């Protein structure tokens, strides 16, 4: 793995912060200010027939999703004046205005034909209007958490105007054992750390897993043959296949193209490491760089036309951008310290990176021309950023110092606010955030 560190947190903010509209229809708009989260009310969802514990469990996950963004704050049930005995009970807006709720969410849950069914409505309390038509979603009882994430995604989208990210998964390296004898295996989980599923055992070293654009496959580096090789694994059944190698080489740091048809990766041969591109099923590699430097950690732009990567061709680790077909790269990082693990935002406007400076590690973002650098985190060791599907949140690895220190996953908003530990069990590193699930 490539380890980096970051410098002091910059004062300059990249992009606008999130602010809440105080007048007019309920929404969260993009503004330069940082204010209090939007207060909302959400009574526990009604049991409309056979729902049992699903009603309270689904409501609990919806609340956790919304409050976890740092943009929303739920008003407690004890403050509620109006009580709902049925899903279609008319809303007494004055009762919700009295407790300063700006949004009201009402839901009902039932079981029908072996499915869990959720219906919900979102109201703008001050305008006295329903935001969009109510929705109904259904899934198997085993997928009740996905139902909750989908409800939260709809609510988040209607209020912020952006797509949600709750019904998504993260692939990562699960770590167990002491620091000097760490065992690692690939695992997939929901974005919030629930439903962990292991894709490999711990019999060999695995590094840097990367989701495919559809979320059905994962690329990663494996040492199962004794040397670094690239392997692709199917998420649904954990069936894996080594990609064809070039004799006498070591391949690592792979990533899919936006269409999923090709991959870009590092290939070491005769002591020289350059970037190559090939079909996602293997095939003859095409050399993209030709330098005595170490070129690694490539990431495609969302439209697939360019690649950002790290290189020490200037004497130290820095970030460069070049055409996806190769050619002369352009350096974009010029701050103090070393830069690595660059990842292009799904929106195409920012590049996240790891920075090492002054004996510390940082996660940061910059514009694609290298301007407006902003450092979001700082610690003993932060590294390896990955973007949420909507480009608003970054997940990364944070490792604690000392012999007993372990790696954990954290997330932070691109404004630098709302730093949170991801609730996955045990040690974890190398996250890769997948797309919204269909």
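Residue numbers (full-length UniProt numbering): 1 to 438. Beta carbons are placed, not taken as given, at the ideal position from N, Cα and C, and that holds for glycine. Note that the coordinates shown come from a computational prediction; the quantities given were computed from them, not determined experimentally.
Are the beta-carbon atoms belonging to residue i and residue j less than 7 angstroms from one another?
i	j	result
residue 131	residue 147	no
residue 233	residue 240	yes
residue 250	residue 268	yes
residue 273	residue 262	no
residue 238	residue 207	no
residue 434	residue 169	yes
residue 48	residue 108	yes
residue 362	residue 375	yes
Check residue i in the structure and name its three-state DSSP category.
i	result
residue 56	helix
residue 235	coil
residue 68	helix
residue 3	With a pLDDT of only 28 at residue 3, under the threshold of 50, the placement of this residue in the model should not be trusted; the figure read from the coordinates follows. Note: residue 3 maps to coil in three-state DSSP.
residue 98	coil
residue 80	coil
residue 342	strand
residue 22	For residue 22, the predicted structure reports a pLDDT of 41, less than 50, and the residue's modelled location is therefore unreliable. A value from the coordinates is still provided. Reduced to three states, the DSSP call for residue 22 is coil.
residue 175	strand
residue 115	strand
residue 313	coil
residue 295	strand
residue 63	helix
residue 222	strand
residue 400	coil
residue 154	helix
residue 160	helix
Going along the chain, which residues of its own chain have a beta-carbon closer than 6 angstroms to the beta-carbon of residue i, five neighbours each way excluded?
i	result
residue 397	383, 384, 407, 429
residue 311	293, 295, 320
residue 391	345, 346, 347
residue 326	288
residue 388	165, 433
residue 156	164
residue 271	none
I'd like the list of long-range same chain contacts for residue i, defined as Cβ closer than 7 angstroms, with 5 residues on each side in sequence excluded.
i	result
residue 313	291, 293
residue 91	104, 123
residue 57	144
residue 67	73, 74
residue 245	229, 251
So, for residue i: in the same chain, excluding its five sequence neighbours on each side, which residues have a beta-carbon less than 8 angstroms away from its beta-carbon?
i	result
residue 304	257, 258, 259, 324
residue 307	264, 275, 288, 298, 299, 300, 301, 321, 322, 323, 324
Am I right that residue i and residue j are in contact with their C-beta atoms under 8 angstroms? What's the rounded C-beta distance?
i	j	result
residue 62	residue 152	5 angstroms
residue 432	residue 420	Contact doesn't hold; Cβ gap of about 18 angstroms is too wide.
residue 84	residue 106	6 angstroms
residue 86	residue 41	Not a contact, Cβ separation roughly 17 angstroms.
residue 77	residue 37	Wrong, their Cβ atoms sit about 18 angstroms apart, outside the cutoff.
residue 211	residue 187	Actually they do not touch by this definition, with Cβ atoms about 13 angstroms apart.
residue 354	residue 341	5 angstroms
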